[in-house]
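Data first, discussion second: the structure below is written as structure tokens.
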Amino acid sequence: MKTSVTKIVKFEMAHQLDQCYSEVCKQIHGHGYRLEVTFEGDVHPATGMVMDFKQIKEILEPIIARYDHKFLTQESYGKNPTAENMAMDIFQAIRQQTLMITKVRLWETDTGYAEVTY
């Protein structure tokens, strides 16, 4: 039986979307992001855990540091810093450390998010 655990972290970031249909998005603006990261696996019989939340925090901290209180542009990020691109990059960074990652959901607003699943 597979079980999943999800960790939620929040960070603040500003960006400017050069490639955008909306003039508003082309302006410098910021968001309070909420990141949900899900890991799946077997519950270890000795610990009773899929993955220790402390371990998840240690994986996420350096990744979130790349974004938290930063200002990203296409030039500084290497591509348009959309929620979709950021979610894909975060997923790939985590996947380099553990294959247990199954989902990244990055909320850019209270009503909108980008999601990457495996």
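Basically my numbering = 1-based index in the sequence shown + 63. All C-beta atoms, glycine included, are put in the ideal place defined by N, C-alpha and C.
| Asked | Found |
| --- | --- |
| DSSP state of L123 mapped onto helix, strand, coil | helix |
| I91 (DSSP reduced to helix, strand or coil) | coil |
| Exposed unless 16 or more other CB atoms sit within 10 angstroms - verdict on F186 | In the structure as shown, the chain begins at 64 and stops at 181. Residue 186 is therefore absent and cannot be evaluated. |
| Euclidean distance between Cα positions of I119 and S139 | 27 Å |
| Nonlocal neighbours in the same chain, by C-beta distance under 6 Å from A156, ignoring five residues either side | I126 |
| Buried or exposed by the 16-neighbour rule on C-beta atoms within 10 Å, applied to M76 | buried |
| At least 3 beta-carbon pairs within less than 8 Å: the region 79–86 vs the region 96–109 | no |
| Cβ-Cβ distance between L123 and V72 below 7 Å | yes |
| Nearest to A128 (by Cα), restricted to the options V68, T66, F74 and M64 | F74 |
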